[in-house]
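Following this note's numbering, the numbering of the sequence shown begins with 246 at its first residue and continues without gaps. Just so it is clear, CB atoms sit at the ideal spot from N, CA and C, and this is done for glycine as well. If you're wondering where the values come from, they're calculated on a predicted model, not measured in any experiment. One structure is given below, encoded as structure tokens.
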Amino acid sequence: MTRTVYLNGDYLPEHEAKVSVFDRGFLMADGVYEVTSVLDGKLIDFQGHCVRLARSLGELEMKNPHTEAEWLEIHRQMVARNGIVDGMIYLQVTRGNPGDRDFAYPGPETEPTVVLFTQSKPGLADNPAAKTGWKVISIPDIRWGRRDIKTVQLLYPSMGKMAAKKAGVDDSWFVEDGVVTEGTSNNTYIVKGNRIITRQLSHDILHGITRAAVLRFAVEAQMEVEERPFTIAEAQAADEAFISSASAFVMPVVEVDGKAVGTGKPGHVVARLREIYLDEMRKAAV
Ligand code: PLP
Numbered sequence: 246m247t248r249t250v251y252l253n254g255d256y257l258p259e260h261e262a263k264v265s266v267f268d269r270g271f272l273m274a275d276g277v278y279e280v281t282s283v284l285d286g287k288l289i290d291f292q293g294h295c296v297r298l299a300r301s302l303g304e305l306e307m308k309n310p311h312t313e314a315e316w317l318e319i320h321r322q323m324v325a326r327n328g329i330v331d332g333m334i335y336l337q338v339t340r341g342n343p344g345d346r347d348f349a350y351p352g353p354e355t356e357p358t359v360v361l362f363t364q365s366k367p368g369l370a371d372n373p374a375a376k377t378g379w380k381v382i383s384i385p386d387i388r389w390g391r392r393d394i395k396t397v398q399l400l401y402p403s404m405g406k407m408a409a410k411k412a413g414v415d416d417s418w419f420v421e422d423g424v425v426t427e428g429t430s431n432n433t434y435i436v437k438g439n440r441i442i443t444r445q446l447s448h449d450i451l452h453g454i455t456r457a458a459v460l461r462f463a464v465e466a467q468m469e470v471e472e473r474p475f476t477i478a479e480a481q482a483a484d485e486a487f488i489s490s491a492s493a494f495v496m497p498v499v500e501v502d503g504k505a506v507g508t509g510k511p512g513h514v515v516a517r518l519r520e521i522y523l524d525e526m527r528k529a530a531v
């Protein structure tokens, strides 16, 4: 099926949507993005993604081309025009096409490039991997120092995903100064008893929208939350481990660098958090 994509105000068949070779997103990875999940035709945590988008744009001195109400309307159009029941909406804003290549940012006459497309994933919330869990390996974190800005420079996360594939596992966890920062495209957690441990927010990690919701629900469910870094050895010795992201939701991690975590099977704390997250977010979906 030909998708309808959004490009700078127009809804177009995907093969008709064209972006300039001088676009700074293409030449310099000068752009930011968001991925919002759709369940039952509704947007999950739309507002959270909109707030983070505004923050990423602000940190890069780019103007936000739309109000929250306009973004919502565009997202809803994309869901409707592409008949998305379960899936994702990818949104990207770049600094646009100044008509040439130059390191300095162009002036305000250069309009941002805005692109949205959909990815249909029927049964997104029933991912069978949630029953078996992910295996991960650790690799050094050599990314830049502003990982809190959701930029499109994703080459090292892609290399991390390939390292995982080559090792026959599901993902890589990045390690810096002896502690885990995050996964290739997710935030990381360990569970000890009733306590959830996850790295605190800083410039070192992306401020996950799913992370914020999961920690809120954990506290509401009388779990303890400790925000601090943890080591790979600690993860291997934990009762349970998991990751969170907008499209994987809450996903158990059952093996780290070849060692089983807990029983080597998804545990009940993670299963409960996943269930609460999906229930509550479906209720609040727009
Ligand atoms: N960390 C990184 C590096 C990511 O790329 C992502 C999502 O793409 C996340 C964490 C999770 O963020 P969210 O829950 O907002 O999807």
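When the beta-carbon positions are compared, G332 and T377 stay at least 8 Å from each other. Counting the other Cβ atoms within 10 Å of the Cβ of I387 gives fewer than 16, which makes it exposed. In this chain, the beta strand (DSSP E) harbouring D255 covers 255-258.
V277 is positioned such that its CB atom lies closer than 8 Å to that of V397.
If you check the CB distance, S282 and L361 do not come in under 8 Å. Between L451 and D393, the C-beta gap is smaller than 8 Å, which places the two residues in contact.
Excluding residues up to 5 positions away in sequence, T281, L317, H320, V531 lie with their Cβ nearer than 7 Å to the Cβ of F291 in the same chain. Rounded to whole angstroms, the separation of the alpha carbons of A466 and K308 is 39 Å.
For the 8 Å CB-CB criterion, V499 and Q481 do not form a contact. Here the distance from the Cβ of G341 to the nearest heavy atom of ligand 1 is not below 7 Å. Looking at the backbone, the Cα of M323 and that of T249 are separated by about 7 Å. If you compare the alpha carbons of L336, E304, H260 with that of E279, the shortest gap goes to L336. A straight-line Cα-Cα distance of about 9 Å links V424 and R444.
Residue side-chain check: G453 places its Cβ nearer than 7 Å to a non-hydrogen atom of ligand 1. An exposed status is given to T247, since fewer than 16 other beta-carbon atoms sit within 10 Å of its beta-carbon. For E471, the uninterrupted beta strand (DSSP E) segment begins and ends at 469-472. Taken in chain order, the complete beta strand (DSSP E) segments of 3 or more residues contained in the region 382-431 are 416-421, 424-428.
Relative to ligand 1, even the nearest heavy atom lies 7 Å or more away from the CB of P385. By the Cβ test, the region 396-410 is not in contact with the region 431-439, since fewer than three Cβ pairs between them sit closer than 8 Å.
Between the alpha carbons of K504 and V420 lies a distance of about 17 Å.
Nearest in C-alpha terms to P373, of all of E525, P497, K287, is P497. Around the C-beta of F348, fewer than 16 other C-beta atoms lie within 10 Å, and the residue is accordingly described as exposed.
M526 has no beta-bridge partner at all, per DSSP. Per the coordinates, the alpha-carbon of I382 lies some 15 Å from the alpha-carbon of I435. L523 and F494 have their C-alpha atoms spaced approximately 8 Å apart. Taking 8 Å as the upper bound for CB-CB distance, T339 and G270 are in contact here, some 3 Å apart. In the displayed model, M273 falls within a helix according to three-state DSSP. For V330, DSSP assigns no beta-bridge partner whatsoever.
The three-state reading of DSSP puts A505 in strand, counting E and B together.
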